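Heads up, the thing below is written out as structure tokens.
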Amino acid sequence: MVYPSRRARQSQVYTMASSGMLSSGIYGLFRLDGGPVDPRDVDALGLDGAAVSGAPGSAFAHAVDPHDRAALHRIEVDDALTILVGHIEEPQALAARLNVAPTLPSALLARAALERFGRDTPAEMIGEWSLLHWDRRDRRLVLMMSAARRDRLFFAVDGPRVAVAPNLFALSRIAWIGNRLDEAGLLVSIGRADLRAALREEMGDRTMLAKVRQLEPGTRLTIEAEGIRRDATPILVPQSRWTGSFDDAVVACEETLRTILRTRIARTQVPGVLLSGGLDSSTIAWLAAQERAAEQRMILLTSVAPPGSGFPDEAAFADAVADRIGLMAEHVSPPEDADIYRPSDLILGGASRPPMPVRHCLTETFQARGKALGATALFDGSFGEATVTVKFPLTTMRQRMRGTAGRLRRYLAGAVEEPVRHGPFHVRLSPARLAALPEAMRTPPSAPLEDEIRRPRDPWGYLPGADKALLHPNEFYPGALRMEFPFRDVRLLRLFAGFPAGFFVHDGLNRAPVRHMLAGHLPDTIRLRRSGRPASPDHMARLQRQASAARGRIAAFRKAEVEEWIDLDWLDQTLAQIAARGPANFAESYEVQLTAITAEFLTWWRSRS
Numbered sequence: 009m010v011y012p013s014r015r016a017r018q019s020q021v022y023t024m025a026s027s028g029m030l031s032s033g034i035y036g037l038f039r040l041d042g043g044p045v046d047p048r049d050v051d052a053l054g055l056d057g058a059a060v061s062g063a064p065g066s067a068f069a070h071a072v073d074p075h076d077r078a079a080l081h082r083i084e085v086d087d088a089l090t091i092l093v094g095h096i097e098e099p100q101a102l103a104a105r106l107n108v109a110p111t112l113p114s115a116l117l118a119r120a121a122l123e124r125f126g127r128d129t130p131a132e133m134i135g136e137w138s139l140l141h142w143d144r145r146d147r148r149l150v151l152m153m154s155a156a157r158r159d160r161l162f163f164a165v166d167g168p169r170v171a172v173a174p175n176l177f178a179l180s181r182i183a184w185i186g187n188r189l190d191e192a193g194l195l196v197s198i199g200r201a202d203l204r205a206a207l208r209e210e211m212g213d214r215t216m217l218a219k220v221r222q223l224e225p226g227t228r229l230t231i232e233a234e235g236i237r238r239d240a241t242p243i244l245v246p247q248s249r250w251t252g253s254f255d256d257a258v259v260a261c262e263e264t265l266r267t268i269l270r271t272r273i274a275r276t277q278v279p280g281v282l283l284s285g286g287l288d289s290s291t292i293a294w295l296a297a298q299e300r301a302a303e304q305r306m307i308l309l310t311s312v313a314p315p316g317s318g319f320p321d322e323a324a325f326a327d328a329v330a331d332r333i334g335l336m337a338e339h340v341s342p343p344e345d346a347d348i349y350r351p352s353d354l355i356l357g358g359a360s361r362p363p364m365p366v367r368h369c370l371t372e373t374f375q376a377r378g379k380a381l382g383a384t385a386l387f388d389g390s391f392g393e394a395t396v397t398v399k400f401p402l403t404t405m406r407q408r409m410r411g412t413a414g415r416l417r418r419y420l421a422g423a424v425e426e427p428v429r430h431g432p433f434h435v436r437l438s439p440a441r442l443a444a445l446p447e448a449m450r451t452p453p454s455a456p457l458e459d460e461i462r463r464p465r466d467p468w469g470y471l472p473g474a475d476k477a478l479l480h481p482n483e484f485y486p487g488a489l490r491m492e493f494p495f496r497d498v499r500l501l502r503l504f505a506g507f508p509a510g511f512f513v514h515d516g517l518n519r520a521p522v523r524h525m526l527a528g529h530l531p532d533t534i535r536l537r538r539s540g541r542p543a544s545p546d547h548m549a550r551l552q553r554q555a556s557a558a559r560g561r562i563a564a565f566r567k568a569e570v571e572e573w574i575d576l577d578w579l580d581q582t583l584a585q586i587a588a589r590g591p592a593n594f595a596e597s598y599e600v601q602l603t604a605i606t607a608e609f610l611t612w613w614r615s616r617s
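Each number in the numbering used here comes from the position in the sequence shown (counting from 1) with 8 added on.
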């Protein structure tokens with residue numbers, strides 16, 4: 009067995025001791041011509057340039073995870089450096105496939121997988137990770153990302169110089185990279201999913217900065233003097249058709265979820281679970297409570313209405329789940345002064361693009377309270393709707409008749425149904441910017457006339473949203489507690505892809521897999537719930553209450569010349585209307601909030617450019 013050299017072990021100690029408020033992930037500087045790395049570039053990344061000052065070498069690499077030191081893996085052997093940040097799931101099984109020792113260090117196991125599987129490594133080496141491999145002899149750099157994005161990974165290449173970091177703006181501080189804007193890249197970053205999908209081939213890996221690119225999940229990037237090669241491996245591929253019964257499928261689902269949670273809980277000192285009392289979060293809380301160690305502490309965090317507000321919330325449902333699993337839910341709500349229109353500087357700088365989370369006040373509250381209670385990671389039930397908690401249309405005659413009857417009732421009641429039409433962007437762009445849009449962005453892509461549908465005997469496949477789930481990094485901002493998303497685990501997605509779509513509904517129940525799985529484990533008031541309540545109960549009221557203060561920021565936006573991008577007149581008028589009567593609907597609330605947030609981001613960015 010090969011172990012890290014003395015030099016490698018010293019590098020690991022340095023890695024752990026100097027992480028500070030850096031974004032989690034891999035940092036690196038490389039010279040493809042064998043020249044020395046410039047210590048000033050190391051300083052620009054927020055690291056210690058003295059570590060390479062005066063020392064010959066064409067490579068400098070550094071790994072950061074402020075909360076999970078066990079996620080940092082590094083090996084220097086055979087004139088090559090391999091760094092893995094993250095975790096390989098079922099490493100013993102992978103080692104057996106590779107015919108290597110089951111106790112092989114993770115960095116060496118990743119290297120062996122890379123040598124065996126090549127570009128297909130993200131499909132075969134299950135887990136959430138970023139990988140860097142530097143061949144000193146050939147001066148060849150390989151970057152790779154798992155099927156699901158754990159940390160972002162940006163890179164820039166200029167002649168023989170290569171820089172790598174998990175934060176876009178860290179790279180922009182390097183003199184030879186800079187912060188020159190890629191206007192099309194910025195526009196796509198604030199575009200809706202259908203626009204991004206339509207332009208994916210044209211835009212590739214571009215970002216809002218002209219000299220910086222981003223590695224996508226499931227992709228291998230090879231950089232050498234002769235050029236750059238990108239290879240992407242298919243992740244969500246068709247699976248063999250399930251031949252067992254529905255009951256067999258429920259058992260397999262539970263076993264898979266237990267496997268996923270068991271390993272994640274085991275490497276989390278104090279897990280926190282975001283519990284709403286809905287099907288997704290309740291399933292995670294129940295299984296996490298069962299799979300934790302006997303004396304392992306676990307925290308439940310529940311979003312509730314502010315005291316005295318009278319807004320409906322999920323408190324009673326969450327408390328029912330907590331009581332059944334023998335814990336108490338900690339009730340939280342954002343502080344009165346948490347600004348819904350302006351995220352913190354940490355969020356603005358950590359997103360590496362205009363941030364789009366509309367519930368950032370609640371997310372920051374979960375982070376703050378989780379840290380105060382000692383949590384070391386937060387488990388989130390997002391993305392369950394692609395598998396265990398699916399609610400999706402089937403093309404049965406009964407469903408068609410019910411849909412027709414519903415439309416008839418609305419027609420007789422005088423309700424006029426208008427198709428929902430969205431522009432191609434999440435934010436309201438200025439008239440000048442709209443007039444100057446590239447041709448491909450001027451007309452939004454055609455939306456399908458109806459949702460994708462399945463017949464009962466069709467394969468479940470991968471439902472809309474499964475691919476998007478893999479794109480989300482799970483660090484909200486530098487230093488934030490990592491968010492664990494068990495429902496997006498590729499093993500679960502692949503299991504469900506082989507089920508027949510008829511399993512969506514079984515014994516008269518929609519969301520049948522999870523309702524059957526929870527039978528006898530959680531109260532029927534939870535198991536049979538048909539609808540939920542707002543995740544952030546005071547969200548709409550906060551938008552109205554803080555709209556006038558947000559209008560006060562318009563002058564600062566104008567001074568920063570944000571109206572080059574944003575329609576500030578529309579923003580001012582709409583905020584005035586919301587201050588007077590509240591948001592007219594969710595669509596308006598999203599657009600005005602995201603427009604204000606983007607204006608804040610552009611103001612923040614220009615103040616640092």
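Even glycine gets a Cβ: it sits at the ideal position worked out from N, Cα and C.
No experiment lies behind these values; they were computed from the predicted model shown.
Pairing aspartate 46 with leucine 40 gives a Cβ-Cβ distance that is not under 9 Å.
Aspartate 87 and serine 352 have their C-alpha atoms some 43 Å from each other. Contact annotation, phenylalanine 484 with serine 390: C-beta distance approximately 13 Å; criterion of less than 8 Å not satisfied.
Shown here for alanine 240: same chain residues with a beta carbon closer than 6 Å to its own, the five before and five after excluded, namely Gly226, Thr227 in chain order.
Here arginine 550 is near cysteine 369, since their CB atoms are less than 9 Å apart.
For glycine 285 against isoleucine 34, the beta-carbon gap comes to about 38 Å, at or over 8 Å, which does not count as contact.
With contacts defined as CB atoms closer than 9 Å, valine 93 and valine 72 qualify as a contacting pair.
Cα atoms of serine 615 and alanine 568: separation of roughly 8 Å, rounded to the nearest angstrom.
Comparing alpha-carbon positions, the option among Ile307, Ala509, Asn175 lying closest to glycine 334 turns out to be Ile307.
Rounded to whole angstroms, the separation of the alpha carbons of alanine 260 and isoleucine 605 is 43 Å. Excluding five sequence positions before and after proline 246, the CB atoms of its chain that fall closer than 8 Å to its own CB belong to Pro467, Gly469, Ala505, given in chain order. Burial check for serine 617: the Cβ neighbour count within 10 Å stays below 16, so the residue is exposed. For phenylalanine 38, the enclosing beta strand (DSSP E) begins and ends at 33 to 39. Distance check between leucine 445 and each of Val196, Ser539, Gly510, Pro242 places Val196 closest, using alpha-carbon atoms only. Within the same chain, and ignoring the five residues on either side of leucine 139 in sequence, the residues whose Cβ sits closer than 6 Å to its Cβ are Leu92, Ala118, Met152.
Rounded to the nearest angstrom, the gap between the Cα atoms of arginine 124 and leucine 106 is 8 Å. Residue pairing of alanine 385 in beta bridges, as defined by DSSP: Pro279. Taking 9 Å as the cut-off, the Cβ atoms of leucine 489 and alanine 323 do not count as close. Going by beta carbons, alanine 156 and leucine 478 fall inside the 9 Å limit.
The C-alpha of leucine 149 is placed about 11 Å away from the C-alpha of alanine 171. The three-state secondary structure of serine 544, taken from DSSP, is coil.
When beta bridges are read from the DSSP output, valine 165 appears opposite Val170. The three-state reading of DSSP puts aspartate 577 in helix, counting H, G and I together.
Secondary structure at phenylalanine 504: helix, using DSSP grouped into helix, strand and coil. A direct Cα-to-Cα measurement between valine 396 and valine 278 gives close to 25 Å.
DSSP, reduced to helix, strand and coil, places arginine 237 within a strand of the structure shown. In terms of Cα proximity to alanine 330, the closest of Ile355, Pro315, Ala346, Trp294 is Trp294. Distances from the CA of leucine 265 to each of Ala301, Phe495, Ala443, Gly252 were compared; the closest alpha carbon is that of Phe495. The C-alpha of glutamine 601 lies about 40 Å from the C-alpha of glycine 516.
Taking all protein chains in view, the Cβ of glutamate 234 is surrounded by fewer than 16 other Cβ atoms within 10 Å, so the residue is classified as exposed.
Tryptophan 612 sits in a helix when the DSSP states are folded into three classes. A distance below 9 Å separates the beta carbons of arginine 214 and arginine 221. Under DSSP, no beta-bridge partner is assigned to isoleucine 355.
Going by DSSP, threonine 264 is part of the alpha helix (DSSP H) stretching over 254 to 274. Secondary structure note for valine 150: its beta strand (DSSP E) is the uninterrupted segment 148 to 153. Note on geometry: alpha-carbon atoms of alanine 297 and valine 522 lie some 17 Å from one another.
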